[in-house]
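Visitor: Mind having a look at this structure? Questions to follow.
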Amino acid sequence: MPYLLNTFLGAIDFSNLGWLIAILFILGIALFIIELVMPGIGVAGILGMIALIVGTVLASQVVSPEVLILIIMVILILIAAMLYWMYKSATKDGRISKLLFLNTKTSEEEGYSSAPSKIELLGMEGEAVTPLRPIGTGEFQGRKYDVVSDGEFIPKGAPIKVKEVEGFRIVVEKLED
Numbered sequence: 018m019p020y021l022l023n024t025f026l027g028a029i030d031f032s033n034l035g036w037l038i039a040i041l042f043i044l045g046i047a048l049f050i051i052e053l054v055m056p057g058i059g060v061a062g063i064l065g066m067i068a069l070i071v072g073t074v075l076a077s078q079v080v081s082p083e084v085l086i087l088i089i090m091v092i093l094i095l096i097a098a099m100l101y102w103m104y105k106s107a108t109k110d111g112r113i114s115k116l117l118f119l120n121t122k123t124s125e126e127e128g129y130s131s132a133p134s135k136i137e138l139l140g141m142e143g144e145a146v147t148p149l150r151p152i153g154t155g156e157f158q159g160r161k162y163d164v165v166s167d168g169e170f171i172p173k174g175a176p177i178k179v180k181e182v183e184g185f186r187i188v189v190e191k192l193e194d
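18 is the number of the first residue of the sequence shown in our numbering; add one for each residue after it.
Structure below.
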């Protein structure tokens with residue numbers, strides 16, 4: 018395989034391709050920067066990597082080994098700098114983190130709620146429709162609710178009282194007969 022690649026590359030006149038090599042390097046770096054600024058599925062980054070690899074292979078046919086090593090080192094330093102910039106940008110308060118993460122919150126004070134509040138049940142008395150072990154169903158004023166006891170077993174039909182309401186969670190306690 019290397020013989021075929023050398024034969025193929027040996028048949029090309031690289032003396033007139035200096036402009037193509039420069040364009041491939043510039044295009045590769047530009048596509049990497051586009052991928053960093055507008056992260057997507059990686060098409061720009063992959064095309065940038067291909068452009069840099071092809072540019073390096075073409076340059077290896079034209080320049081001396083010392084210059085080729087220098088070109089590869091510059092490319093690796095640029096890639097490392099871009100990765101560092103991306104890391105700094107993606108961490109807290111960076112440009113990418115502001116684009117990717119939702120930092121706003123909705124609160125009950127602003128009128129937002131994920132479920133209707135059942136705070137009106139607080140202190141209400143009812144009956145355990147099912148045994149509470151500690152989770153079960155309680156009935157208050159003819160309506161059934163999922164309730165939880167404080168860890169104690171409450172038998173079916175026992176009188177209960179709502180002790181605490183936290184969002185969806187309704188905590189009840191057994192009333193003494």
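Glycine is no exception: its CB is placed at the ideal position from the N, C-alpha and C atoms.
Using DSSP with H/G/I as helix, E/B as strand and the rest coil, what is Ser1?
Guide: For residue 1 there is no data in the structure shown, the boundaries of the chain being 18 and 194.
Visitor: Any contact between the segment 144-152 and the segment 90-100? By contact I mean 3 or more CB pairs, one from each, below 8 Å.
Guide: Flag = no, the segment 144-152 and the segment 90-100 do not touch.
Visitor: Pull up the distance between the alpha-carbon of Leu175 and that of Lys122, whole angstroms please.
Guide: Per the sequence presented here, residue 175 reads as Ala, with Leu not at that position. Whole-angstrom Cα-Cα distance: 41 Å.
Visitor: Where does Val165 sit, in a helix, a strand or coil, going by DSSP?
Guide: The answer is strand: DSSP assigns Val165 an E or B state.
Visitor: Just to confirm the assignment, what range does the alpha helix (DSSP H) spanning Ala39 have?
Guide: It spans Gly35 to Val54 - the alpha helix (DSSP H) in which Ala39 sits, taken as one unbroken run.
Visitor: Within 8 Å, do at least three Cβ pairs link the segment 76-85 to the segment 53-66?
Guide: No: fewer than three Cβ pairs fall under 8 Å.
Visitor: With distances taken between CB atoms, is the gap from Gly155 to Ile136 smaller than 7 Å?
Guide: Cβ distance not < 7 Å, so Gly155 and Ile136 don't count as in contact.
Visitor: Smallest Cα separation from Pro172: which of Leu139, Val146 and Glu142?
Guide: Comparing Cα positions, the closest option is Val146.
Visitor: Candidates Lys105, Met141 and Leu69: which alpha carbon is nearest Leu93's?
Guide: Considering only alpha carbons, the answer is Leu69.
Visitor: Of the choices Phe185, Met141, Asp167 and Leu44, whose alpha-carbon is the least far from that of Gly65?
Guide: If we check each option's Cα against that of Gly65, Leu44 comes out closest.
Visitor: Less than 7 Å between C-beta atoms, sequence neighbours within five positions excluded: which residues of the same chain meet that for Arg186?
Guide: If we look at Arg186 and ignore the five residues flanking it on each side, its Cβ neighbours are Val165.
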